[in-house]
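In this note's numbering, the protein residues as written are 526 to 609. Worksheet for the structure shown next.
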């Protein structure tokens, strides 16, 4: 089974649609965080729930402090595990 890689672009789309990130604040900087784009802890919960529901994975506690690049890696690791 081939699993498509989760990308920072997909993450940004989730942030725009589910967490209210203005399109003008979209970034491809993997070191950026939710705080850097002025999203609060509620947005954090919304994003986590959307990713877990959409991709059928469970994000661990390390998600809480992850920057965007780390989050993409965590999702891809979860997708890889889920595909096994």
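All residues carry an ideal CB built from backbone N, CA and C; glycine is no exception. All figures in this text were calculated on a predicted structure; none of them were measured in a lab.
(request) Within 10 angstroms of the Cβ of residue 596, are there 16 or more other Cβ atoms? Answer buried if so, exposed if not. (result) buried
(request) Ignore the nearest five residues each way along the sequence and tell me which others in residue 581's own chain have a CB closer than 7 angstroms to its CB. (result) 607
(message) Please return the same chain residues whose Cβ sits closer than 6 angstroms to the Cβ of residue 571, not counting the five positions on each side in sequence.
(response) 543 and 544
(message) Taking only three categories from DSSP, how would you classify residue 531?
(response) coil
(request) Within its chain, find whatever has a CB closer than 8 angstroms to the CB of residue 547; leave out the 5 residues flanking it on each side and keep chain order. (result) 541
(message) Quick check: residue 584 and residue 567, are their CB atoms within less than 8 angstroms of each other?
(response) no
(message) In this structure, how does DSSP classify residue 539 when only helix, strand and coil are distinguished?
(response) helix
(message) Only counting the same chain, and skipping five residues up and downstream in sequence, which positions put a Cβ closer than 8 angstroms to that of residue 587?
(response) 595 and 599
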